[in-house]
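When we follow this note's numbering, the leftmost residue of the sequence shown carries the number 97, and every step to the right adds one.
All residues carry an ideal CB built from backbone N, CA and C; glycine is no exception.
These figures come from a predicted structure and were not determined experimentally.
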Amino acid sequence: MKVDGGIAADPVEAAQTARNAETAGYAGAWAAETSHDPFLAVQAAARETTHLELGTSIAVAFARTPMTLAVTANDLQRLSQGRFILGLGSQIRTHIENRFSMPWSHPAPRMREIIMAMREIWSCWHEGTKLDFRGEFYTHTLMTPFFDPGSSEFGTPKVFLAGVGVKMTEVAGEVCDGFIAHAFSTPEYFRQVTLPALERGQAQGVRGRTEVAWPVFTVTGTDEGEMANAVTKTKKQLAFYASTPAYRAVLDVHGWGDLQSELHALSKQGRWDEMGSAIPDEVLAEFAVIGTPDHVATEMYRRYQGLADRVTFYTPYRVKPGLLDEISRAIQAQSAADQT
C-alpha cells in the first residue's frame, strides 16, 4: 500500500511542498482544484522532483473539454517524465453551471464520454490513428499536423476518476486506470457498494483491475490538546459532508440515515457551528482512523490494506510538522514487510 502526500494548491508554494513530500518518502503527491489551477501546481512540482508520482485530486472535468484536458495532461506527462496521474471529478451542478458557466447533464455518461474522447485524442497523437470521435456530448474530428504534438516515450498518463455514487463508480471501473474514493466513505460502504460497482464497470471494459486511491480522515496528535482539536475539526468536516443529500447513501449503509436529515436541517438554518457536535463518536470512528501516531499507522494499514492501493491523510486541522511523515514511513514499512 502506497502512502501519498499533498502538493500546495498555490503554484508559488507547490514546488517546495512537492520536494518535501519526495524527501519524506511519499510515493506520490496530489494537487486539489480549489482557488488555484491544479495543473499549474503539478507543473511546478514536476520541475523540482525526480521520482514522486504527481496527480490532480481532483481537476474538474466538466469545467473543461476533452481536448483541453488531453493537451494539458499530455504535456504534464512529458514534463514529469511519465509520473503524472490525471485525477478527474465532476463537481456538482451548481458549480458547473453558475461558477464555470458550462453545461451539466447526465454526469456519469458525460464523464465516460470525456474520458473516451481523451483516449481517442491521445491515440491520434501517439499511434497516428485518424481522429474521429462522435459522441452524444462531444465531437472531435479535426487534428491537423500543426496541432499534433506527436508521440512521446513516456506514453499517456493514467486516468483516475473520483466518485461516490454507483454510476460514476462504474464508469471508473470501465474506462479508468484508477478510482479516487471520497473521504466521506467507510470500509463497509466500500465493500457493499463501491467495490461491486467497480467490478461491474471492469467487466464492461478492457483495462483490467482499477487502482484505488483513498483520502482517509486521520485524527491524531502528540498530546490531549492536539487530539481534542483534531476530533473537533474532523467532526465539523464530517458534518459538512453528511449534510449533503447525495452522501446519505453512505450513512444508510450503517443505519445512520436520519443523521443526514438532522444535519441538512441545521445547514439550512445556517447553524454550521453546531453541526460538528451532532456527529457521534461512533460515526467518527467509522470514518476516521483515530489515535496516537503509532496506533494510526498500525490501524490504517490494518483497515485499508486490501481495499486501497494508496492512501492519503485527510486532516482538516493543523498538524505538527513531520508527524504525518512518521506515520507514512511506518505504514510503508509494514507494507514492505508483508511483501517479503
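A distance of 7 Å or more separates the beta carbons of Gly274 and Phe286. With the rule of 3 Cβ pairs closer than 8 Å, the stretch 405-422 does not count as touching the stretch 362-373. One thing to note: Ala268 has its Cβ no nearer than 7 Å to the Cβ of Gly261. Two segments are said to touch when three or more pairs of C-beta atoms, one from each, lie closer than 8 Å; by this definition the stretch 385-404 touches the stretch 425-435. In this structure, the beta-carbon distance from Val327 to Val315 falls below 7 Å. Under the three-state reduction of DSSP, Lys331 is assigned to helix. Taking all protein chains shown into account, Ala110 has 16 or more neighbouring C-beta atoms within 10 Å of its C-beta and is therefore buried. In this structure, DSSP gives Arg174 a helical state, which the three-state scheme calls helix. For Gly274, no alpha helix (DSSP H) segment is defined; the enclosing uninterrupted segment is the beta strand (DSSP E) at 274-277. Excluding the 5 residues flanking it on each side, Gln333 has same chain C-beta neighbours closer than 7 Å at Pro412, in chain order.
From the listed residues Phe383, Arg179, Val289, the smallest Cα separation to Thr252 is found for Arg179. Excluding its 5 nearest sequence neighbours in each direction, Ala155 has C-beta neighbours in its own chain below 8 Å: Glu129, Pro134, Phe135, Leu165, Leu182, Gly183, Leu184, Gly185, listed in chain order. A residue is called buried once 16 or more other Cβ atoms fall within 10 Å of its Cβ, and Gln173 is buried on that count.
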